[in-house]
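Participant: Okay, here's the structure, questions in a sec.
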Ligand code: 7RM
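Right, dumping it as structure tokens:
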């Protein structure tokens with residue numbers, strides 16, 4: 034057995050030699066086709082962002098100071114004024130693009146709506162007036178708890194228009210989660226819907242909201258969109274139908290100048306411990322970053338691209354890459370209400386074919402699910418409109434990347450594997466698709482304007498091998514704090530490595546200087562002194578032709594400290610035995626990384642945004658009672674794994 038290297042925060046076990054340069058025709062037409070953006074950013078970090086902000090946004094009043102940086106507090110474009118909704122809507126309509134489709138919306142039952150920029154602007158102005166009539170003004174908070182409908186974006190943009198901050202809570206969250214978030218933010222108004230469609234049924238959103246409203250004293254009014262058509266209780270004086278208020282509202286609500294640092298939104302992240310944190314994002318810097326990254330990472334071509342991001346608006350991905358980034362760029366996009374397997378497993382591919390989607394952005398969890406469902410599903414559809422595909426949310430295992438490349442991208446589309454966080458506001462590490470030669474499973478390099486560095490335990494930079502991923506320079510979309518808790522902000526992100534932002538991810542640098550995300554450092558396993566990342570073992574398992582998805586955890590072990598326990602889901606129709614998978618891992622990355630035990634399971638426990646919850650699997654593997662399960666998407670999955678673990682354990 035190799036001896037552990039104590040200087041390695043995380044060991045680098047796997048190696049990948051496949052390289053995919055941008056197709057020449059793609060590169061020739063790409064928004065970025067050479068290294069000039071990196072060169073420019075290297076010459077002057079703030080000047081680089083100032084140019085992006087000036088060129089991509091409309092400012093009512095130019096700023097005096099590009100960046101004020103007093104760690105951990107940053108301000109960007111200080112003294113400047115803009116209006117985020119003006120940037121996303123008015124200026125496109127004023128430029129004669131009012132008839133351009135902003136949103137091709139498709140409901141899960143198959144109903145469709147086409148929303149142009151002019152219509153979106155009309156609705157946003159009216160809804161801004163609705164909010165004003167309900168007493169909402171600059172600096173107030175509005176909670177949004179909605180299905181995936183255009184009105185969710187309308188409500189967000191209407192808040193932005195009048196300087197109120199929104200706090201969107203994912204429609205799949207419970208009444209308790211909603212109440213906690215409303216109370217933390219002291220929101221005045223809640224915008225919700227009767228229900229939305231999911232898996233062929235209406236989920237009763239208003240009933241959940243009602244349960245929350247029993248303990249949210251700050252809420253004065255509730256606006257209810259009719260979507261599900263399900264019966265709802267309306268409380269007189271407090272609850273109002275969206276369509277009634279909209280019909281009565283004034284059509285015009287001019288966009289007023291807002292300070293660049295005006296709070297744009299709060300978005301709560303659950304984190305691993307303690308109460309959810311309200312991550313604060315402000316206006317000018319955030320919009321500059323999402324507009325810039327949308328343009329260059331997704332190589333956006335206004336007027337010709339049809340973009341589709343499958344996230345929910347309740348997540349940061351929905352905020353930045355459904356609402357603000359695309360709309361600031363005048364993009365045309367698809368928005369879909371429901372699940373990928375209604376009415377059948379090919380729904381996404383039928384949507385891509387129908388709307389001729391050119392740029393598609395989804396998550397590894399979805400890709401691995403598609404692998405489970407098999408290649409026949411995408412093969413039923415013409416996906417030739419696609420030219421670029423992206424991934425976000427978790428490390429994408431090299432074999433999932435290859436599957437995506439081949440079966441969705443038709444072997445011709447560059448893949449942008451984008452690393453970022455709720456806290457970073459926008460994409461930080463990603464290929465530029467016309468420039469970067471990609472490697473399956475690597476997010477490649479920091480974008481121009483982003484400073485990222487790996488460090489060891491002591492905080493010294495690491496130039497090869499595993500380490501802690503830190504951000505070294507302020508960036509415009511960075512979080513401005515944790516709502517109501519400056520101490521927690523400092524402690525969580527700025528205390529571990531002085532002078533650096535660190536939010537919990539491990540990564541490694543390979544010999545060519547490519548970055549590979551290795552998952553959360555809390556998940557790193559310690560086997561006989563070797564610090565092994567979950568991601569590398571999972572990727573080794575997924576590289577077996579029978580495996581679609583895998584989660585591994587380190588469980589206490591009397592001989593090795595921790596032992597690797599794997600939970601594996603097979604591809605549709607495939608079979609495999611434990612020994613062959615263990616041997617496969619040994620061949621791929623080494624005997625030290627062989628799982629001690631492998632459980633086969635049809636599903637893995639995931640958060641509602643699709644990330645694997647290894648903490649729960651560790652609880653199961655170590656025979657503990659389950660900790661906090663409130664963020665789990667489907668609780669029956671872990672119950673089943675627990676039953677199996679108990680059945681397998683020797684009786685005592
Ligand atoms: C956008 C989003 C953030 C965490 C982050 C990572 C993980 C996200 C990637 C990734 C590897 C990626 N925001 N993560 N993207 N890991 N490769 N391309 O997901 O706040 O919900 O989560 O997600 O651990 O810290 S988030």
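Numbering (my numbering), first residue to last: 34 to 685. From the three backbone atoms N, C-alpha and C, an ideal C-beta is built for every residue, glycine too.
1) Any heavy atom of ligand 1 closer than 7 Å to the Cβ of residue 537?
2) Roughly how many angstroms separate the alpha carbons of residue 393 and residue 342, rounded to a whole number?
3) In chain order, which alpha helix (DSSP H) runs of at least 4 residues are fully inside the region 413-484?
4) Given 8 Å as the limit, is there contact between the region 92-110 and the region 492-505, that is, 3 or more CB pairs closer than that?
5) May I ask you to check if the CB of residue 510 is nearer than 7 Å to at least one heavy atom of ligand 1?
6) Which residues in the same chain as residue 228 place their Cβ atom closer than 6 Å to its Cβ, once the five residues preceding and following it in sequence are excluded?
7) Taking the C-alpha atoms as reference points, what is the distance between residue 149 and residue 123?
8) So, using beta-carbon positions, are residue 398 and residue 643 closer together than 8 Å?
9) Considering only the beta carbon of each residue, do residue 308 and residue 604 sit closer than 8 Å?
10) Helix, strand or coil: which one does DSSP assign to residue 350?
11) Ends of the alpha helix (DSSP H) at residue 525?
12) Please identify the residue among 389, 425, 380, 230 whose C-alpha is closest to the C-alpha of residue 409.
13) Tell me which residue opens and which closes the alpha helix (DSSP H) that residue 296 is part of.
14) Can you check which of these residues, 359, 311, 451, 92, is closest to residue 190 by C-alpha distance?
15) With respect to the beta strand (DSSP E) encompassing residue 187, which residues constitute its N-terminal and C-terminal limits?
16) Whose CA, out of 219, 655, 522, lies closest to the CA of residue 250?
17) Take residue 611 and list the residues in its own chain whose beta-carbon comes closer than 7 Å to its own, dropping the five residues that flank it on each side.
18) What are the uninterrupted segments assigned as beta strand (DSSP E) that are 3 or more residues long and contained completely in the region 606-639, given in chain order?
19) How about residue 395: is its Cβ closer than 7 Å to a heavy atom in ligand 1?
20) Using a Cβ-Cβ cutoff of less than 7 Å, which residues in the same chain neighbour residue 618 once the five nearest sequence positions on both sides are dropped?
21) Using a threshold of 7 Å, is the CB atom of residue 422 nearer than that to any non-hydrogen atom of ligand 1?
22) Confirm, please, whether the CB-CB distance from residue 560 to residue 517 is below 8 Å.
23) Could you tell me the alpha carbon to alpha carbon distance between residue 684 and residue 223, rounded to whole angstroms?
24) Shorter than 7 Å, the distance from the beta carbon of residue 92 to the closest heavy atom of ligand 1, or not?
25) Check this for me: beta carbons of residue 512 and residue 352, under 8 Å apart or not?
26) With DSSP run on the structure shown, which of helix, strand or coil describes residue 107?
27) Kindly indicate the opening and closing residues of the alpha helix (DSSP H) around residue 406.
28) Flag residue 416 as yes when its Cβ comes closer than 7 Å to any non-hydrogen atom of ligand 1, and as no otherwise.
29) In the DSSP output, what is residue 580 paired with across the bridge?
30) Buried or exposed for residue 589, going by 16 or more other Cβ atoms inside 10 Å?
31) With DSSP as the reference, label residue 330 as helix, strand or coil.
32) Are the beta-carbon atoms belonging to residue 635 and residue 650 less than 8 Å from one another?
33) State yes or no: is the C-beta of residue 426 nearer than 7 Å to some heavy atom of ligand 1?
34) Between residue 443 and residue 274, what straight-line distance do the alpha-carbon atoms span, to the nearest angstrom?
35) Would you call the region 531-549 and the region 127-145 touching, i.e. three or more CB-CB distances under 8 Å?
36) Excluding the 5 residues preceding and the 5 following residue 265 in the sequence, name in chain order all residues of the same chain whose CB lies nearer than 6 Å to its CB.
Facilitator: Concretely, from the data shown:
1) For the purposes of this step, residue 537 is identified with residue 504 of the chain shown, where counting begins at 1. Checking the Cβ of residue 537 against ligand 1 gives yes.
2) As a first step, residue 393 is located in the chain shown; it is residue number 360 there, counting from the start. As a first step, residue 342 is located in the chain shown; it is residue number 309 there, counting from the start. If you take the alpha carbons of residue 393 and residue 342, they lie about 6 Å apart.
3) 431-436
4) Three or more Cβ pairs closer than 8 Å define a contact, and the region 92-110 falls short of that threshold against the region 492-505.
5) One-based indexing of the chain shown puts residue 510 at position 477. No - ligand 1 has no heavy atom lying nearer than 7 Å to the Cβ of residue 510.
6) The residue labelled residue 228 in the question sits at position 195 within the chain shown. 235, 236, 237, 238, 261, 263.
7) Position 116 of the chain shown holds residue 149. Position 90 of the chain shown holds residue 123. For residue 149 and residue 123, the distance between alpha carbons rounds to 12 Å.
8) The sequence position of residue 398 within the chain shown is 365, counting from 1. The sequence position of residue 643 within the chain shown is 610, counting from 1. A contact, by the Cβ cut-off of 8 Å.
9) The residue you call residue 308 lines up with position 275 of the chain shown. The residue you call residue 604 lines up with position 571 of the chain shown. For residue 308 and residue 604, no; Cβs fall outside 8 Å.
10) Translated into positions along the chain shown, residue 350 becomes position 317. The answer is helix: DSSP assigns residue 350 an H, G or I state.
11) What you label residue 525 is simply residue 492 of the chain shown in a count that begins at 1. Per DSSP, the unbroken alpha helix (DSSP H) holding residue 525 starts and ends at 519-527.
12) Residue numbering aside, residue 409 sits at position 376 when the chain shown is read from its first letter. Its Cα nearest to that of residue 409, the residue 380 stands out among 389, 425, 380, 230.
13) As a working note, residue 296 is residue 263 in the chain shown. For residue 296, no alpha helix (DSSP H) run applies; the uninterrupted beta strand (DSSP E) run containing it begins and ends at 296-302, by DSSP.
14) Here residue 190 is taken as the residue at index 157 of the chain shown, counted from 1. Of 359, 311, 451, 92, the residue nearest in Cα terms is 359.
15) As a working mapping, residue 187 is identified with position 154 in the chain shown. Taken as a continuous stretch (DSSP letters only), residue 187 belongs to no beta strand (DSSP E), being part of the alpha helix (DSSP H) at 183-195.
16) One-based indexing of the chain shown puts residue 250 at position 217. When 219, 655, 522 are compared, the shortest CA-CA separation from residue 250 is found for 219.
17) The residue you call residue 611 lines up with position 578 of the chain shown. For residue 611, where only same-chain residues beyond five positions count, the Cβ hits under 7 Å are 631.
18) 630-633
19) The residue you call residue 395 lines up with position 362 of the chain shown. False, no ligand heavy atom lies under 7 Å from that Cβ.
20) For the purposes of this step, residue 618 is taken as the residue at position 585 of the chain shown. Hits under 7 Å: 570, 573, 574, 626, 627, 628.
21) Position 389 of the chain shown, counted from the start, is the residue given in the question as residue 422. Not so, every heavy atom of ligand 1 lies at least 7 Å from the Cβ.
22) Mapped onto the chain shown, residue 517 falls at position 484. Mapped onto the chain shown, residue 560 falls at position 527. The answer is no: Cβ separation not under 8 Å.
23) Looking up residue 684 in the chain shown gives position 651. Looking up residue 223 in the chain shown gives position 190. Its pLDDT being 39, under 50, residue 684 is placed unreliably by the model, and the measurement read from it follows with that caveat. Using only the alpha carbons, I get a separation of about 52 Å.
24) Translated into positions along the chain shown, residue 92 becomes position 59. Residue 92 Cβ: outside cutoff for every heavy atom of ligand 1.
25) Here residue 512 refers to the residue found at position 479 when the chain shown is read from its first residue. Here residue 352 refers to the residue found at position 319 when the chain shown is read from its first residue. Taking C-beta atoms as the reference points, residue 512 and residue 352 fail to come closer than 8 Å.
26) In the chain shown, residue 107 corresponds to position 74, counting from 1. Residue 107: strand per DSSP, three-state reduction.
27) Position 373 of the chain shown, counting from 1, holds the residue named residue 406. Looking at the DSSP string, the run of the alpha helix (DSSP H) that includes residue 406 is 397-406.
28) Within the chain shown, the letter at position 383 stands for residue 416. The nearest non-hydrogen atom of ligand 1 is 7 Å or more from the C-beta of residue 416.
29) Residue 580 sits at position 547 when you count from the first residue of the chain shown. In the DSSP output, where bridge partners are listed per residue, residue 580 has 603.
30) Residue mapping note: residue 589 aligns to position 556 of the chain shown, counting from 1. Taking all protein chains in view, the Cβ of residue 589 is surrounded by fewer than 16 other Cβ atoms within 10 Å, so the residue is classified as exposed.
31) For this step, residue 330 is matched to residue 297 along the chain shown. For residue 330, the three-state secondary structure derived from DSSP is helix.
32) As a position in the chain shown, residue 635 is number 602, starting the count at 1. As a position in the chain shown, residue 650 is number 617, starting the count at 1. For residue 635 and residue 650, no; Cβs fall outside 8 Å.
33) Looking up residue 426 in the chain shown gives position 393. Within the chosen limit of 7 Å, ligand 1 reaches the beta carbon of residue 426 through at least one heavy atom.
34) Taking the first residue of the chain shown as 1, we reach residue 443 at position 410. Taking the first residue of the chain shown as 1, we reach residue 274 at position 241. Cα to Cα, the separation comes out at about 46 Å.
35) Counting Cβ pairs under 8 Å, fewer than three are found: no touch.
36) Taking the chain shown and counting its residues from 1, the one referred to as residue 265 is at position 232. Cβ within range, chain order: 227, 239.
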